[in-house]
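Have a look at the structure below before the remarks.
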Amino acid sequence: MAEHTDQEHGQAHYVKIWAILLVLLLVSIAGPIVAPHIEFGFLKAWMITLMTAFGIAVVKAYLVAAHFMHLNIEKKYISYLLGTMLMFMLLFFAGTAPDVMKHEGQNWQNVAAQTEVERALEAEGKKAHGEHEGGAEH
Amino acid sequence: MSATKPIATTRSATGIPTGKLAVWWVIASEIVIFGGLLSSYVMHRLGHPEWAEYASHTNTWFGGINTFVLLTSSLFAVLGHYAAEHGDGKKAAKWLVGTSLGGFVFIGIKAVEWTGEIQHGYTITANGFWQFYYTAAGLHALHVIAGVVIMLIIANDARKGKELHRVELIGIYWHFVDIVWIFLFPLLYIAK
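Below you can see the structure in the form of structure tokens.
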């Protein structure tokens, strides 16, 4: 048990976890750059980016929580406490996201959001068109 | 000031020291604060396709370097905890000062980054994306500043060999601040 504790919480162990975190950081930065070049079949670039960005963020958070915050040896009470808060977060997301992500439903319409999306996309289109024309002039 | 500690400081119904338990409860409440903010950002981002263009103006390198700085400062914090556990207050204080320096560097980089963005017109009133950007990163930066202040106070005590258990407590808080950034980084800098 003592050996296990020393191994799991020695200085070399912490440096090892830090090194893994840095490698994961590099992968998450490289993900969107490399993704368009390695997509194949059903595996699209955005899926690769999603995995390298958010999948890796979850792994990094787990490594920090388990090994630096010592949640892996902390009393279960703390994991349950933090897990409950995460569930509250998911509950909040599930309850409100449909109204925010969608701009219309069976009996409702979010006109302000629809107008803003249309206006912004149109402005972006004009900007891109202008840049394209400006580039052609040069 | 009384030399004896209050009963609440020394008792432990859960088997977890009271100070540590309090820090875990602080973190539990912080999960709801940051979780709510980030959840709101995600749902708005998914509902507003035009935000992808706004997000393309954030600088991945600034975000990446700051992630490196925070991960490294977290390593320093846990090494400080290791030293404190072994009764070496002086070493623990040194590691905590190193962690604080990481906090200063983080804030310095953020100041340079924000100055450039504001000069380019990407202010908090520009649009919904930049509102979330400054609110989420700003709230996180306030936590970094608070962490640095508390850490330096604890380092000063640890240097004298006093209250060494607090080294772990500030470490737990600092790691949480690190975890929040681990999620802010892909949300604000990678997903473009």
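Line by line, the protein sequences are chains C and P. Those letters in the first sequence? Residues 1 to 138, per our numbering, in order. Those letters in the second sequence? Residues 1 to 192, per our numbering, in order. The C-beta atom is built at its ideal place from N, Cα and C for all residues, glycine as well. Values in this document were obtained by computation on a predicted structure and should not be read as measured data.
Check                                                                                                                : Outcome
Buried or exposed (CB count within 10 angstroms, at least 16 for buried), ARG166(P)                                  : buried
The stretch 70-82 of chain P contacting the stretch 94-102 of chain P, beta-carbon criterion three pairs below 8 Å   : yes
Whole-angstrom distance between ILE38(C) and MET1(C), CA atom to CA atom                                             : In this prediction, MET1(C) scores a pLDDT of 40, lower than 50, which makes its location untrustworthy; the coordinate-derived value is nonetheless stated afterwards. One C-alpha to the other measures close to 45 Å.
is_contact[VAL64(C), chain P] using C-beta, thresh 7 Å                                                               : yes
GLU117(P) versus TRP61(P) - alpha carbon distance                                                                    : 14 Å
Close-in-space but distant-in-sequence residues of the same chain around GLY19(P) (CB under 8 Å, 5 per side omitted) : THR9, HIS165, ARG166, LEU169
Outcome for SER100(P) when other beta-carbon atoms lying within 10 angstroms are tallied against a minimum of 16     : buried
Neighbour flag for HIS13(C) against chain P, beta carbons, 7 Å                                                       : no
Contact check, ILE182(P) vs ALA61(C), beta carbons under 7 Å                                                         : yes
Segments of 4+ residues assigned as alpha helix (DSSP H) that fall wholly inside the stretch 39-114 of chain P       : 51-55, 60-85
As assigned by DSSP and simplified to three states, the class of ALA2(C)                                             : Caution is warranted here: a pLDDT of 44 is assigned to ALA2(C), below 50, making its placement in the model unreliable, and the coordinate value is therefore given only provisionally. Of the three classes helix, strand and coil, the one that applies to ALA2(C) here is helix, per DSSP.
Continuous alpha helix (DSSP H) stretch holding ALA191(P): start and end                                             : Taken as a continuous stretch (DSSP letters only), ALA191(P) belongs to no alpha helix (DSSP H), as it is neither H nor E.
DSSP bridge partner residues for PHE40(C) (one or two, in chain order)                                               : LEU43(C)
Reduced DSSP secondary structure (H/G/I, E/B, other) of GLN109(C)                                                    : strand
contact_flag[the stretch 48-62 of chain P, the stretch 142-152 of chain P] where n(CB pairs < 8 Å) is 3 or more      : no
Boundaries (first-last residue) of the alpha helix (DSSP H) holding ASN156(P)                                        : 128-159
Residue-chain proximity (ASP88(P), chain C), Cβ-Cβ < 7 Å                                                             : no
Proximity test, Cβ basis, 7 Å: GLU113(P) and chain C                                                                 : no
Secondary structure of GLU74(C), DSSP reduced to three states                                                        : coil
Helix, strand or coil at GLU149(C) according to DSSP, with G and I counted as helix                                  : Chain C is shown only over 1 to 138; residue 149(C) falls outside these bounds and no answer can be derived.
Cβ-Cβ separation, HIS175(P) to MET69(C) (assumed contact under 8 Å), whole Å                                         : 5 Å
Minimum Cβ-Cβ distance from ASP178(P) to chain C less than 7 Å                                                       : yes
Interface positions of the stretch 22-40 of chain C facing chain B (Cβ-Cβ less than 8 Å), listed along the chain     : You won't find chain B in this structure, because its protein chains are C and P.
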